[in-house]
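Novice: Following this message is one structure expressed as structure tokens.
There are 4 protein chains.
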Amino acid sequence: MGSLNWISNQPTVQEGDLVELASTQTKFFIFRISAGQELQTHRGVISHDDLIGKSWGSEVFSHKGSPFYILQPGIADIISSTKRNTQILYPKDIGYILVRLNILPGSVVAEAGSGSGSFTQILGAMVGDTGHVHSFEVRPEMMALAQKNINRLNLQNRVTFYNHDIRAGFGINNLSAIFLDLPNPYDFLDQVKESLTPGAFFGTLLPTANQVEKLLISLRRNQFVFVDVCEILLRFYQAESEKFRPVDRMVAHTGYLVFARSILNQ
Amino acid sequence: MGSLNWISNQPTVQEGDLVELASTQTKFFIFRISAGQELQTHRGVISHDDLIGKSWGSEVFSHKGSPFYILQPGIADIISSTKRNTQILYPKDIGYILVRLNILPGSVVAEAGSGSGSFTQILGAMVGDTGHVHSFEVRPEMMALAQKNINRLNLQNRVTFYNHDIRAGFGINNLSAIFLDLPNPYDFLDQVKESLTPGAFFGTLLPTANQVEKLLISLRRNQFVFVDVCEILLRFYQAESEKFRPVDRMVAHTGYLVFARSILNQ
Amino acid sequence: MGSLNWISNQPTVQEGDLVELASTQTKFFIFRISAGQELQTHRGVISHDDLIGKSWGSEVFSHKGSPFYILQPGIADIISSTKRNTQILYPKDIGYILVRLNILPGSVVAEAGSGSGSFTQILGAMVGDTGHVHSFEVRPEMMALAQKNINRLNLQNRVTFYNHDIRAGFGINNLSAIFLDLPNPYDFLDQVKESLTPGAFFGTLLPTANQVEKLLISLRRNQFVFVDVCEILLRFYQAESEKFRPVDRMVAHTGYLVFARSILNQ
Amino acid sequence: MGSLNWISNQPTVQEGDLVELASTQTKFFIFRISAGQELQTHRGVISHDDLIGKSWGSEVFSHKGSPFYILQPGIADIISSTKRNTQILYPKDIGYILVRLNILPGSVVAEAGSGSGSFTQILGAMVGDTGHVHSFEVRPEMMALAQKNINRLNLQNRVTFYNHDIRAGFGINNLSAIFLDLPNPYDFLDQVKESLTPGAFFGTLLPTANQVEKLLISLRRNQFVFVDVCEILLRFYQAESEKFRPVDRMVAHTGYLVFARSILNQ
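Going line by line, the protein sequences match chains A, B, C and D.
Sequence positions in the first sequence follow my numbering and run 1 to 266.
Sequence positions in the second sequence follow my numbering and run 1001 to 1266.
Sequence positions in the third sequence follow my numbering and run 2001 to 2266.
Sequence positions in the fourth sequence follow my numbering and run 3001 to 3266.
As structure tokens, then:
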């Protein structure tokens, strides 16, 4: 099923498949199967050749006898394991952003900056073959990394990268959503407005209250409406039926999410 | 762009379009444009005929002079406005569920029960024309409502409804994700396991700790692994640059989310 | 036991006692027993005379047969039922403030403004007969209300009120803690510093991020150290053993708490 | 001012004073001044003799030139630095417990178990010279540690320790509050009820939902009413005026707090 890109529709692992090798004791590994290669882990070595032909969901063992499961990687784990140089968006924020920005198969959207491409990956995955992602990044080395990460998922046909400062505008019109992952989104609202379809969706994530306060002034000045500011807290629980309780510690802050809709200037 | 279903790619509103009429003072309205019809609001009447030909994102006025914006509705607002008889999932939970269950264009997934079809709508939207949603509901009147809500978004080709108790099994194999929105998911894990592709994604939402405790026992017994239990808290802020602060009250609980992966029995 | 002020050490209710009449079905009532008086509730009338001589903790019935328990009121319920014209501090914040400001029997402390005296009540209760509370309020009618609330608890010997703007200074030295419940605490840090024992405790509660940002600048300028900013979220649960879960809604924000210690200027 | 126990009312540090030496760069130290002694820190050595005669709130330097402030320790820091073998209550929970259990100067209260005595310290501090704390602990070595911590604050006259299993009852009547810090409070509700003044206050803290569910059954069976279950979340902020934001991580769970009032059996 070509439209699923990195996902196999075969019952067993094949050369070239993207696999997740996960253990209940340690972290997981996401990589492409390449005959003759080996995966080194703290819990022993696993040869790619031993994985080929195994059923998805089956258990395999390292040379030290440590058990691993062979899985098809989900987008949440892919993002967590993305090679990166920067802070990335967390799945808790990403899911809500996708819903609030109405990112769907067929959507044509833009983001700036690309960063290491982790959010680009999920945008590329979600817009499908009939949509498109325009991704802007001024730092050439970051753009190269983002491209590499997109290629790894076979999403290159759905994403166009621009090594280009959006101060000069996006150069594209009629976008259905724009997400800015930049420290100063308040400097680019004219450009956002110009490129969004009237009424379409704007979003950003900002770490500090001061940035949000500045953005709120700019959004009003640029006639954005239906402005929402919120934050998402994700709390994990100990998954034990006899000792059910929240885990001791949690991520307390990633950023404030800001959403708004761009209307026609009156 | 047919693949976007309810979304128009024209610059102006046309007969048959799904529109959102939103005011900064009151709630919003989502409806299809039908020449000759009128929308009654607390802030006055608006004739559909007056909307036809208007640009998306423009401002219109009721007969009492109250301003509204004409927007294309996003999935979050669509869900909030879905006709329903039951508790629905909230966007804060939905976004995270989509990411954790790896729902993508091309995914073939199942849910039970359909309820009023609000989550069915978003699943239908996300799987695109190349994926499919199998939705199970034992109550005929609920299934009828869910179907009506799916038809409203032109998603009927992507969703198959079954008026069918999943106790007898889903009758479908190789699903990439199953979401149970039922009070007793622990009673159906055999059936889930049988229908999920090995290694694929299971999720559910449960209001009480007692239900989670029971489910954790069943998940272990049925050889599900990588079990995560969590909850998502969404806090809104007052969007005022000079008085930036959380709003006074919030939704404190919708449910505990539980995710797991189904592995091949050893 | 005179030092407990409003609390009786007799096993039964007597004329003049402060009682809490509480029902599991409705709100509670806190009042002083006065022979011949009646309490009117939505669930019927209760005569004070019928309460006199009853054991604390026993059940009584209104003329309509609704059950109530006769209790000695705790400080948390007293605060919640305080007559007031203004926003009051919540028990969740109060408890943490007391601990962080080291309010103990024997402490000599100040607050401004008094407001309706709800926090004054708890300060008066906590400092005991060997401590003292200096409470400043510029609005005469608020000061009168605060005094009335303090008198109701027999705490008048522990609290001195000043109808006096702290801009001119507190006029007292060697305080072990000062709490400001004012919108602009940043305007009074010189005065706070002058009146606090060197090294002693400062605290305030502010609703908006903007106020906190301003205060942080002033605290630094005035050589306060060990500055902590925090907020406290209190989540209640449904107290049912078979349906244990958080309640649906909660207070999302009362204010940001700010604490600091005043050091000797270098 | 004898009633303040560990707190000096002199302007300068004297032999025998309890001091807190705190640095903005490292942790703080709480100890008694003893002529001839030295404090060893990662940032250099400080001689007690150099502290004697210094004003409270003044700055001193280690032999390496690192700055410290000389402060009188507050109860929150004292608890945090208490020598302990076990999990202790956090200030966020303690403050709310004090308010909900109505712990005041003059209160006569009990707790079981004493643990390392950290909560005993704050109870002893709060009840004043006119109140009393009865503290029960079955493990002799823990009781010895709790006693040592109480002695350090000169609170020994306010606290009686019992090396005694409360299964046999507290052996004291008319208590105004009882706090249980035990894994199985549901086993001791008869004993609690017998020793509390009718209508008085019961509280406990439990880490898991399962324990709360069991306790709720027992509370109902033993005719406790006004049962509240809650949890307190404390979130710290970065105290920077230009980068105001929550800190990255937080304590997500200490325990569920349960409060109830004991009524006369009908």
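Glycine included, each C-beta is placed from N, C-alpha and C at the ideal position.
Fair warning: this is a prediction, and the values are worked out from it, not measured in the lab.
For the stretch 2107-2145 of chain C, which segments carrying the beta strand (DSSP E) assignment without a break, of at least 3 residues, lie completely within its bounds, in sequence order?
Specialist: 2108-2112, 2132-2136
Novice: Taking the alpha helix (DSSP H) that Ile3217 of chain D falls in, what are its first and last residues?
Specialist: Along the fourth sequence, one-based indexing puts residue 3217 of chain D at 217. Annotation: the continuous alpha helix (DSSP H) that includes Ile3217 of chain D extends over 3209-3221.
Novice: So which residues of chain D does Ala1252 of chain B contact, with C-beta pairs closer than 7 Å?
Specialist: For the purposes of this step, residue 1252 of chain B is identified with residue 252 of the second sequence, where counting begins at 1. Those within 7 Å of Ala1252 of chain B in chain D number zero; the least Cβ separation is about 11 Å.
Novice: Using a Cβ cut-off of 9 Å, pull out every chain A residue sitting near Glu2213 of chain C, in sequence order please.
Specialist: In the third sequence, the residue the question calls residue 2213 of chain C occupies position 213. Under the 9 Å cutoff, chain A gives Ala209, Asn210, Glu213.
Novice: Compare the beta carbon distance of Cys1230 of chain B and Tyr237 of chain A with 8 Å and say whether it is the shorter of the two.
Specialist: Walking along the second sequence from the start, residue 1230 of chain B turns up at place 230. Walking along the first sequence from the start, residue 237 of chain A turns up at place 237. Contact: yes.
Novice: Check whether chain A comes within 8 Å of Ser1003 of chain B, counting only Cβ atoms and requiring the distance to be less than that.
Specialist: Mapped onto the second sequence, residue 1003 of chain B falls at position 3. Confidence in Ser1003 of chain B is poor, its pLDDT being 41 and thus under 50, which makes the residue's placement unreliable; the coordinate value appears in the next sentence. Taking CB atoms only, Ser1003 of chain B has a neighbour in chain A less than 8 Å away.
Novice: Starting from Ile30 of chain A, follow the beta strand (DSSP E) in both directions and report where the run begins and ends.
Specialist: Position 30 of the first sequence, counting from 1, holds the residue named residue 30 of chain A. Where Ile30 of chain A is concerned, the enclosing beta strand (DSSP E) stretches over 29-32.
Novice: Smallest Cα separation from Ser2176 of chain C: which of C:Thr2120, C:Ser2116, C:Ile2103?
Specialist: Taking the third sequence and counting its residues from 1, the one referred to as residue 2176 of chain C is at position 176. Distance check between Ser2176 of chain C and each of C:Thr2120, C:Ser2116, C:Ile2103 places C:Ile2103 closest, using alpha-carbon atoms only.
Novice: Any Cβ of chain A within less than 8 Å of the Cβ of Arg3084 of chain D?
Specialist: Within the fourth sequence, numbered from 1, the residue matching residue 3084 of chain D stands at position 84. No, because no Cβ of chain A sits closer than 8 Å to the Cβ of Arg3084 of chain D.
Novice: Check each residue of the stretch 2089-2120 of chain C: if its Cβ is closer than 7 Å to any Cβ of chain B, include it; give the result in chain order.
Specialist: So nothing in the stretch comes that close.
Novice: Starting from Gly95 of chain A, trace the alpha helix (DSSP H) in both directions and tell me its first and last residue.
Specialist: One-based indexing of the first sequence puts residue 95 of chain A at position 95. 91-100 is the span of the alpha helix (DSSP H), which, as asked, contains Gly95 of chain A.
Novice: With distances taken Cα to Cα, identify the nearest neighbour of Asp1181 of chain B among B:Ile1088, B:Arg1084, B:Glu1015.
Specialist: Along the second sequence, one-based indexing puts residue 1181 of chain B at 181. Per the Cα distances, B:Ile1088.
Novice: Taking all protein chains shown into account, do 16 or more other C-beta atoms lie within 10 angstroms of the C-beta of Pro3275 of chain D, making it buried, or fewer, making it exposed?
Specialist: The shown model of chain D, from 3001 to 3266, leaves out residue 3275 of chain D, and the question about it has no answer.
Novice: Would Arg3261 of chain D be called buried (16 or more neighbouring beta carbons within 10 Å of its own) or exposed?
Specialist: Position 261 of the fourth sequence, counted from the first residue, corresponds to residue 3261 of chain D. Looking at its Cβ environment, which holds 16 or more other Cβ atoms inside 10 Å, Arg3261 of chain D is buried.
Novice: Considering only residues of the same chain and omitting the five flanking positions on each side of Pro3198 of chain D, which have a CB-CB separation below 6 Å?
Specialist: On the fourth sequence, residue 3198 of chain D is found 198 positions in, with the first residue counted as 1. The beta carbon of Pro3198 of chain D sits closer than 6 Å to the beta carbons of Leu3264 from its chain, once the five residues preceding and following it are set aside; these are given in chain order.
Novice: Can you have a look at Pro3067 of chain D and say buried or exposed, based on whether 16 or more other CB atoms are within 10 angstroms of its CB?
Specialist: The residue you call residue 3067 of chain D lines up with position 67 of the fourth sequence. By the neighbour-count rule (16 or more Cβ atoms within 10 Å), Pro3067 of chain D is not buried but exposed.
Novice: So the candidates are B:Glu1059, B:Ile1178, B:Leu1189, B:Val1212; which of them puts its Cα closest to the Cα of Phe1119 of chain B?
Specialist: Looking up residue 1119 of chain B in the second sequence gives position 119. Ranking B:Glu1059, B:Ile1178, B:Leu1189, B:Val1212 by Cα distance to Phe1119 of chain B puts B:Ile1178 first.
Novice: What does Glu242 of chain A reach in chain D if we use C-beta pairs closer than 7 Å?
Specialist: Locating residue 242 of chain A in the first sequence gives position 242, where the first residue counts as 1. Those within 7 Å of Glu242 of chain A in chain D are Asn3210.
Novice: Answer yes if the stretch 1085-1101 of chain B comes into contact with the stretch 1247-1256 of chain B, meaning at least three C-beta pairs across the two stretches below 8 Å, and no otherwise.
Specialist: yes
Novice: Please classify Ala2209 of chain C as buried or exposed, where buried requires at least 16 other C-beta atoms within 10 Å of its C-beta.
Specialist: Your numbering for residue 2209 of chain C matches position 209 in the third sequence. With 16 or more other Cβ atoms within 10 Å, it is buried.
Novice: For chain D, find out if any of its Cβ atoms is closer than 8 Å to the Cβ of Pro183 of chain A; answer yes or no.
Specialist: For this step, residue 183 of chain A is matched to residue 183 along the first sequence. Judged by the 8 Å Cβ criterion, Pro183 of chain A is not in contact with chain D.
Novice: Rounded to a whole number of angstroms, what is the C-alpha to C-alpha distance between Gln14 of chain A and Leu155 of chain A?
Specialist: Mapped onto the first sequence, residue 14 of chain A falls at position 14. Mapped onto the first sequence, residue 155 of chain A falls at position 155. Roughly 20 Å separates the two Cα atoms.
Novice: Which bits of chain D does Arg249 of chain A rub up against, with CB to CB less than 9 Å?
Specialist: The residue labelled residue 249 of chain A in the question sits at position 249 within the first sequence. What Arg249 of chain A touches in chain D: Arg3249, Met3250, Val3251, Ala3252, His3253.
Novice: Which residue spans inside the stretch 2143-2213 of chain C form an unbroken alpha helix (DSSP H) run of at least 4?
Specialist: Listed in chain order, they are 2189-2195.
Novice: Under 7 Å between beta-carbons, which chain C residues line up against Pro1246 of chain B? List them in chain order, please.
Specialist: In the second sequence, residue 1246 of chain B corresponds to position 246, counting from 1. By Cβ distance, chain C contributes Ala2252, His2253.
Novice: Quick one: complete beta strand (DSSP E) runs, 3+ long, within the stretch 2013-2068 of chain C?
Specialist: Within the stretch 2013-2068 of chain C, the complete beta strand (DSSP E) runs of at least 3 residues are 2018-2022, 2029-2032, 2038-2041, 2044-2047, 2059-2061.
Novice: Helix, strand or coil for Ser1262 of chain B per DSSP?
Specialist: Walking along the second sequence from the start, residue 1262 of chain B turns up at place 262. Residue state, collapsed to three classes: strand.
Novice: Leaving out five residues before and five after Leu215 of chain A in sequence, what residues of the same chain have Cβ atoms less than 8 Å from its Cβ?
Specialist: In the first sequence, the residue the question calls residue 215 of chain A occupies position 215. Within the same chain, and ignoring the five residues on either side of Leu215 of chain A in sequence, the residues whose Cβ sits closer than 8 Å to its Cβ are Pro185, Tyr186, Thr204, Leu206, Val258.
Novice: So, Leu2098 of chain C versus Gly2124 of chain C, is the Cβ gap smaller than 8 Å?
Specialist: Numbered from 1 along the third sequence, position 98 holds the residue referred to as residue 2098 of chain C. Numbered from 1 along the third sequence, position 124 holds the residue referred to as residue 2124 of chain C. No, the Cβ-Cβ distance between Leu2098 of chain C and Gly2124 of chain C is not below 8 Å.
Novice: Under a Cβ-count criterion, where at least 16 other Cβ atoms within 10 Å of its own Cβ denotes burial, should Ile3007 of chain D be classed as buried or exposed?
Specialist: Looking up residue 3007 of chain D in the fourth sequence gives position 7. With 16 or more Cβ atoms within 10 Å of its Cβ, Ile3007 of chain D is classed as buried.
Novice: Please confirm if the stretch 2074-2085 of chain C is in contact with the stretch 2020-2033 of chain C, defined as three or more CB-CB distances below 8 Å between the two stretches.
Specialist: Between the stretch 2074-2085 of chain C and the stretch 2020-2033 of chain C, the count of C-beta pairs closer than 8 Å reaches three or more; the two stretches touch.
Novice: Do the stretch 2033-2043 of chain C and the stretch 2051-2065 of chain C meet, that is, are 3 or more Cβ pairs less than 8 Å apart?
Specialist: yes
Novice: Answer yes or no: do Glu1946 of chain C and Leu2071 of chain C have a C-beta to C-beta separation smaller than 8 Å?
Specialist: Nothing about residue 1946 of chain C can be reported from this structure: the residues present for chain C run from 2001 to 2266 only.
Novice: Please decide whether Asp17 of chain A counts as near chain B, where near means a Cβ-Cβ distance under 8 Å.
Specialist: Counting from one through the first sequence, the residue named residue 17 of chain A turns up at place 17. No, its Cβ sits nowhere closer than 8 Å to a Cβ of chain B.
Novice: In the DSSP assignment, find the unbroken alpha helix (DSSP H) run with Ile2078 of chain C in it and report its ends.
Specialist: Along the third sequence, read from residue 1 onward, the residue named residue 2078 of chain C stands at position 78. Taken as a continuous stretch (DSSP letters only), the alpha helix (DSSP H) holding Ile2078 of chain C covers 2075-2080.
Novice: What does Arg3235 of chain D pair with, by DSSP beta-bridge criteria?
Specialist: Position 235 of the fourth sequence, counted from the start, is the residue given in the question as residue 3235 of chain D. BP columns for Arg3235 of chain D point to C:Glu2231.
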